[in-house]
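Right, one structure below, let's go through it.
2 protein chains.
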Amino acid sequence: MTSKNFDVVGIGNAIVDVLVQSDDSFLAQHGLNKGTMALVSAEQAEQLYAAMGPGVETSGGSAANTLAAVAQLGGRAGFIGRVRNDQLGAIFAHDLRATGAHFDTPAAESGAATARCMILVTPDAQRTMCTFLGASVALDPRDLDLSIVRQAQVLYLEGYLWDAEPAKRAFLAAAAEVRDHGGQVALSLSDPFCVDRHRQSFLELVEGHVDLLFANEREIMSLYATDSFERATEQVRGHCSLAALTRSDQGSLVLEGELTHLIPIYGLGPLVDTTGAGDSYAAGFLYGYTQGLSAERCGHIGALCAGQVVTQMGPRSQVSLKELVLEHLP
Amino acid sequence: MTSKNFDVVGIGNAIVDVLVQSDDSFLAQHGLNKGTMALVSAEQAEQLYAAMGPGVETSGGSAANTLAAVAQLGGRAGFIGRVRNDQLGAIFAHDLRATGAHFDTPAAESGAATARCMILVTPDAQRTMCTFLGASVALDPRDLDLSIVRQAQVLYLEGYLWDAEPAKRAFLAAAAEVRDHGGQVALSLSDPFCVDRHRQSFLELVEGHVDLLFANEREIMSLYATDSFERATEQVRGHCSLAALTRSDQGSLVLEGELTHLIPIYGLGPLVDTTGAGDSYAAGFLYGYTQGLSAERCGHIGALCAGQVVTQMGPRSQVSLKELVLEHLP
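One line per chain: the protein sequences are P and L, in this order. Quick note: the first sequence, position 319, residue 324 per my numbering, numbers continuous. Quick note: the second sequence, position 293, residue 298 per my numbering, numbers continuous.
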């Protein structure tokens, strides 16, 4: 696969995160479900923001976080997503390009503002997200730069795109393009409620078009509508050649055909904020995968990157992931 | 002084900080002077930003940081400063109000964008700042809400305002108002280069209108154009009834008439980022002062708040300053 110009190209929501330290009573008061993502309207976002404590802004977006980390690991990364030509859009574009990732989706010149995700971090380090999709939701097939898509070894998609019909169409068009050019398709299920909202189309996608699946325990159980993790793992084995299933502090499983690799967690310090843990896991895995490493080793790199990002506030590592891998997995 | 509605009202630049981890070679390459603040144009800001790594945005501004911390300590705080009605201006206003501080200076509806300060944090935890003053620089006497100013026990000013002529006029008008109503005036010198730029007018101000002066070692020596810290302390003693002089890891001196109180530093963890250390010191001091505590105790509260903020990225404490004081200085 080395003739391609990009190791991984991602399509996802282009979001700026607003991180706020919070507590359980705030979540209860606003009817928020801990550890998950809820979509909110512009008005709801304003109301919630007015009620929240002081925040810190940092570029986010699930697939964008993954591609930023792939670039920080030394991989050739590209991202496609839609911002508005506003201050938060400029921040998003700067931060992504500053990692070395390619990003040139034109900023929208009218319409809704750049997407914002309010992330409430509770003392147990869990994050609960409220997303105003704004400009991001209108990503459509015309925004795709197919010259980049077809240069991807792996095309990476976040499940959150399924919440927007045009974005979903853009992804399917990109998936067809990358497969026509000998590349592979990876999907992250993103969130158990997102899977609930789109179970049937996710199942069709996973069965028909996905080579590499990322999910956590709740998401994979939601996909197969089962309360047994074991049953879910057996089902996914028949559908994807490679699946990485994360289980928080119980580590992760990499399913490779009939093989199961058990990957431990990397405890690198006190748990501060789990925002970006799954995104970072996917980044480490995809980086290793596109370097031709074994599935088991890919899992270890993913777990190491996730282990780092949970020791800090925010979804993108503040330390060099490249040096982290050199130090812990030489 | 208890009949006033505000303990401390501040006037200063309304700024959003962009914090970036950097190294000495980046500073050298861009001709930046470590530990100081440089003013940059919109074009210079764009160029520098494009060259910088990924950032984190957080509300800043020297006096605004101080007033946010006064509110977090439980003091009645107000702030006057000028943002544009843009996304960063909304972030600034939200974060300040979320601390409990009063802020209602109307956002400008045209003109330059909300001020931005790019803060390069080097591995030695020093911060080097490049500020685009934007909308903030046009604060003028018409922006003053005198009904708030005259309700201040202490009016607090950042020296940085001296870089903008209308803002300086606004401050002088506010200082006259507060003194006419029995309040006091506090000034922070802000930066040695800022003092260099405005030495004569700072001297006149300190001699004639300032009750309470905050400065670090380099700033007070710059004010009196001397290379002897001792000589500078003797000069300031004649001009202000109360002065707090900070000396980084050597602690601080509180000069109260002929008395000198030596205040140690509070080492609360590894040094991460010195952004906001002076602002937090002033907050702790002013909070204690307006509660009627002794000058020595004010110095300890200031040193404690500064000791906390240097253990984290960003200028505003992520932990409760009120609880910090209860724990360490019961």
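For every residue, glycine included, the Cβ atom is placed at its ideal position computed from N, Cα and C.
C-alpha gap between Ser227/L and Asp201/L, whole angstroms = Here the question's residue 227/L lines up with position 222 in the second sequence. Here the question's residue 201/L lines up with position 196 in the second sequence. Ser227/L and Asp201/L: Cα-Cα distance of roughly 6 Å.
query = Apart from the five residues just before and just after Asp196/L, which ones in its own chain have a Cβ nearer than 8 Å to its Cβ?
reply = Here residue 196/L refers to the residue found at position 191 when the second sequence is read from its first residue. Hits under 8 Å: Thr41, Met42, Gly164, Tyr165 and Glu224.
inquiry  = On the CB-based measure, 16 or more other CB atoms within 10 Å of its CB, does Asp168/L come out buried or exposed?
reply    = On the second sequence, residue 168/L is found 163 positions in, with the first residue counted as 1. Burial call: buried.
query = Ser27/P: buried (16+ other C-beta within 10 angstroms of its C-beta) or exposed?
reply = Here residue 27/P is taken as the residue at index 22 of the first sequence, counted from 1. Flag for Ser27/P reads buried.
query = If you drop the 5 nearest sequence neighbours on each side, which residues of the same chain put their C-beta closer than 6 Å to that of Arg81/L?
reply = The residue labelled residue 81/L in the question sits at position 76 within the second sequence. Exclusion of the five residues before and after Arg81/L leaves Phe11 and Asp12 as the residues of its chain whose Cβ lies within less than 6 Å of its Cβ.
request  = Could you tell me the distance, in whole angstroms, from the CA atom of Leu326/P to the CA atom of Pro275/L?
outcome  = Position 321 of the first sequence, counted from the start, is the residue given in the question as residue 326/P. Position 270 of the second sequence, counted from the start, is the residue given in the question as residue 275/L. Near 22 Å, if we compare the C-alpha coordinates of Pro275/L and Leu326/P.
query = Hey, out of Ile20/L, Leu217/L and Phe198/L, whose CA is closest to Ile120/L's CA?
reply = Here the question's residue 120/L lines up with position 115 in the second sequence. Rather than Ile, the amino acid found at residue 120/L in this sequence is Ala. It is Ile20/L.
query = For chain L, is any of its Cβ atoms less than 8 Å away from the one on Tyr165/P?
reply = Counting from one through the first sequence, the residue named residue 165/P turns up at place 160. No, its Cβ sits nowhere closer than 8 Å to a Cβ of chain L.
request  = Identify the contact partners of Met57/P in chain L, using a Cβ-Cβ distance below 9 Å as the criterion.
outcome  = Locating residue 57/P in the first sequence gives position 52, counting from the first residue. Neighbours of Met57/P on chain L, chain order: His99 and Ala103.
query = Name the chain P residues whose beta carbon is nearer than 7 Å to that of Asp91/L?
reply = Within the second sequence, numbered from 1, the residue matching residue 91/L stands at position 86. Simply Gln92.
query = Considering Tyr54/P, what are the terminal residues of the beta strand (DSSP E) in which it resides?
reply = Taking the first residue of the first sequence as 1, we reach residue 54/P at position 49. Taken as a continuous stretch (DSSP letters only), Tyr54/P belongs to no beta strand (DSSP E), being part of the alpha helix (DSSP H) at Ala47 to Ala56.
message = Strictly below 9 Å CB to CB, what residues from chain P border Gly319/L?
response = Stepping through the second sequence from its first residue, residue 319/L is reached at position 314. In chain order, Val61 make up the part of chain P whose C-beta sits under 9 Å from the C-beta of Gly319/L.
query = List, in order along the chain, the chain P residues whose C-beta lies closer than 8 Å to that of Ser64/L?
reply = For the purposes of this step, residue 64/L is taken as the residue at position 59 of the second sequence. Scanning chain P for C-beta atoms nearer than 8 Å to the C-beta of Ser64/L yields Pro59, reported in chain order.
request  = Taking Gly213/P as part of the alpha helix (DSSP H), name the residues at either end of that continuous run.
outcome  = In the first sequence, residue 213/P corresponds to position 208, counting from 1. Start and end: Arg204 to His214.
message = Tell me which residues share the same chain as Ser285/P and place their Cβ nearer than 6 Å to its Cβ, disregarding the 5 neighbours each side in the sequence.
response = In the first sequence, counting from the first residue as 1, residue 285/P sits at position 280. Closer than 6 Å at Cβ, skipping near neighbours: Ala74, Cys310, Ala311 and Val314.
query = If you compare alpha carbons, which of Ala95/P, Asp129/P, Gly15/P and Val61/P is closest to Ala113/P?
reply = Here residue 113/P refers to the residue found at position 108 when the first sequence is read from its first residue. Answer by Cα proximity: Ala95/P.
ask   = Roughly how many angstroms lie between the CA atoms of Phe336/L and Glu222/L, to the nearest whole one?
value = The requested residue 336/L does not occur in the structure, where chain L is confined to residues 6 to 335.
task = Kindly indicate which residue of Ser322/L, Met318/L and Leu329/L has the alpha-carbon position closest to the one of Ile306/L.
result = For the purposes of this step, residue 306/L is taken as residue 301 along the second sequence, with counting starting at 1. Nearest option by C-alpha distance: Leu329/L.
key: Ordered list of beta strand (DSSP E) runs contained in the region 178-262 of chain L, each at least 3 residues   = Within the region 178-262 of chain L, the complete beta strand (DSSP E) runs of at least 3 residues are 189-193, 217-221, 247-251 and 257-261.
inquiry  = Does chain P have any CB closer than 8 Å to the CB of Tyr54/L?
reply    = Within the second sequence, residue 54/L is the residue found at index 49, counting from 1. It does: the Cβ of Tyr54/L has a partner Cβ on chain P nearer than 8 Å.
task = Verify the CB distance criterion: does Met6/P have a CB-CB separation below 8 Å to chain L?
result = The residue given as residue 6/P occupies position 1 in the first sequence. Model confidence at Met6/P stands at a pLDDT of 47, short of 50, so the residue's coordinates are unreliable and nothing is read from them.
query = If Val126/P sits next to Thr238/P, beta carbons under 8 Å apart, how far is it from one beta carbon to the other, in whole angstroms?
reply = Translated into positions along the first sequence, residue 126/P becomes position 121. Translated into positions along the first sequence, residue 238/P becomes position 233. Rounded, the Cβ-Cβ distance is 30 Å, inconsistent with contact.
key: Straight-line gap, Ala103/P to Gln158/P (C-alpha atoms, nearest Å)   = Locating residue 103/P in the first sequence gives position 98, where the first residue counts as 1. Locating residue 158/P in the first sequence gives position 153, where the first residue counts as 1. One C-alpha to the other measures close to 22 Å.
ask   = So what does DSSP say about Arg155/L, is it helix, strand or coil?
value = One-based indexing of the second sequence puts residue 155/L at position 150. Reduced to three states, the DSSP call for Arg155/L is coil.
task = From the DSSP output, read off the bridge partner residues of His99/P.
result = What you label residue 99/P is simply residue 94 of the first sequence in a count that begins at 1. According to DSSP, His99/P bridges with nothing at all.
ask   = Start and end of the beta strand (DSSP E) containing Gly65/L?
value = Looking up residue 65/L in the second sequence gives position 60. Start and end: Val61 to Gly65.
request  = Determine the burial state of Met6/L: buried for a count of at least 16 other Cβ atoms within 10 Å of its Cβ, exposed for fewer.
outcome  = Reading the second sequence from its first residue, position 1 is the one you call residue 6/L. For Met6/L, the predicted structure reports a pLDDT of 47, less than 50, and the residue's modelled location is therefore unreliable. A value from the coordinates is still provided. By the C-beta density criterion, Met6/L is exposed, having fewer than 16 other C-beta atoms within 10 angstroms.
key: Interfacial residues, the region 137-170 of chain P to chain L, with Cβ spacing under 7 Å   = none
query = Using Cβ-Cβ distances below 8 Å, what residues of the region 319-334 of chain L are close to chain P?
reply = For the region 319-334 of chain L, which is checked against every Cβ of chain P, the residues closer than 8 Å are Gly319, Arg321 and Gln323.
ask   = Considering only C-alpha positions, which residue in the set Glu261/L, Ala191/L and Pro111/L is nearest to Asp216/L?
value = Translated into the one-based positions of the second sequence, residue 216/L becomes position 211. Ranking Glu261/L, Ala191/L and Pro111/L by CA distance to the CA of Asp216/L puts Ala191/L first.
request  = Taking only the alpha-carbon atoms, compute the straight-line gap between Val259/L and Arg252/L and give it to the nearest angstrom.
outcome  = Looking up residue 259/L in the second sequence gives position 254. Looking up residue 252/L in the second sequence gives position 247. For Val259/L and Arg252/L, the distance between alpha carbons rounds to 11 Å.
ask   = Taking the runs of the beta strand (DSSP E) that are 3 residues or longer, which of them lie wholly in the region 259-324 of chain P?
value = 264-268
query = If we cut at 8 Å on Cβ distances, does Ile124/L have a partner in chain C?
reply = Of the chains in the structure shown, none is chain C; the protein chains are P and L.
Contacts around Val61/L, its chain only, beta-carbon distance under 6 Å, and the 5 residues preceding and following it disregarded = For the purposes of this step, residue 61/L is taken as the residue at position 56 of the second sequence. Cβ within range, chain order: Leu24.
query = In whole angstroms, what separates the C-alpha of Ser72/L from that of Gln323/L?
reply = As a first step, residue 72/L is located in the second sequence; it is residue number 67 there, counting from the start. As a first step, residue 323/L is located in the second sequence; it is residue number 318 there, counting from the start. Correcting the residue identity first, residue 72/L is Leu in this sequence and not Ser. Take the alpha-carbon of Leu72/L and the one of Gln323/L: they are about 15 Å apart.
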